[in-house]
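Count along the sequence shown starting at 1, add 247, and that's the number in the working numbering.
Don't be surprised by glycine CBs; every beta carbon is placed ideally from N, CA and C.
Nothing here was measured: the structure is a model prediction, and the numbers come from that model.
This report refers to the structure that appears directly beneath it.
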Amino acid sequence: MTWNFLPRPARAPDPLVTLRLQIRLGELAAELRRLEEDPDVYARAHHWFAVQGAYDALLREACHLAGLPTEAAPLRADERAGAGERLREELELSSRGWSW
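Next comes the structure, spelled out in structure tokens:
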């Protein structure tokens, strides 16, 4: 007796999880803009690097949720994605209907 199992189609991500990621990406993008525009922020570079690292990590999580390929190496606290990779991920997500 042979069992033939059909592969399950990939389940669509939970829309509430997707919405939460989009909202958080928007908040981090707004925080980056605020830091760039305000020259009087104490430890401005430190804050900018921290927010940029969080944005990159959340962007990578959004790519995984959308089924997009990302760089194999995980992000660590002292690393950030390159500008080219960040732009590619943002454009790929935007082309799939994501907005933030």
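Extent of the continuous alpha helix (DSSP H) to which residue i belongs
{"i": "Thr317", "result": "Counting along the chain, Thr317 falls outside any alpha helix (DSSP H), and DSSP gives it neither H nor E."}
{"i": "Gly344", "result": "Premise fails: Gly344 is in no alpha helix (DSSP H) and is neither H nor E."}
{"i": "Val264", "result": "Pro262 to Glu284"}
Cα-Cα separation between residue i and residue j, rounded to whole angstroms
{"i": "Leu315", "j": "Trp295", "result": "26 angstroms"}
{"i": "Glu278", "j": "Glu284", "result": "10 angstroms"}
{"i": "Leu312", "j": "Asp287", "result": "37 angstroms"}
{"i": "Glu339", "j": "Tyr302", "result": "16 angstroms"}
{"i": "Ala297", "j": "Arg258", "result": "33 angstroms"}
{"i": "Pro260", "j": "Trp345", "result": "13 angstroms"}
{"i": "Ala290", "j": "Leu282", "result": "10 angstroms"}
{"i": "Leu306", "j": "Leu263", "result": "16 angstroms"}
{"i": "Gln299", "j": "Gly329", "result": "11 angstroms"}
{"i": "Arg343", "j": "His293", "result": "33 angstroms"}
{"i": "Arg309", "j": "Thr265", "result": "Here residue 309 is Ala; the residue named in the question, Arg, does not match the sequence. Cα to Cα, the separation comes out at about 8 angstroms."}
Where residue i sits in the DSSP three-state scheme
{"i": "Val298", "result": "helix"}
{"i": "Arg258", "result": "coil"}
{"i": "Ala304", "result": "helix"}
{"i": "Ala292", "result": "helix"}
{"i": "Ala328", "result": "coil"}
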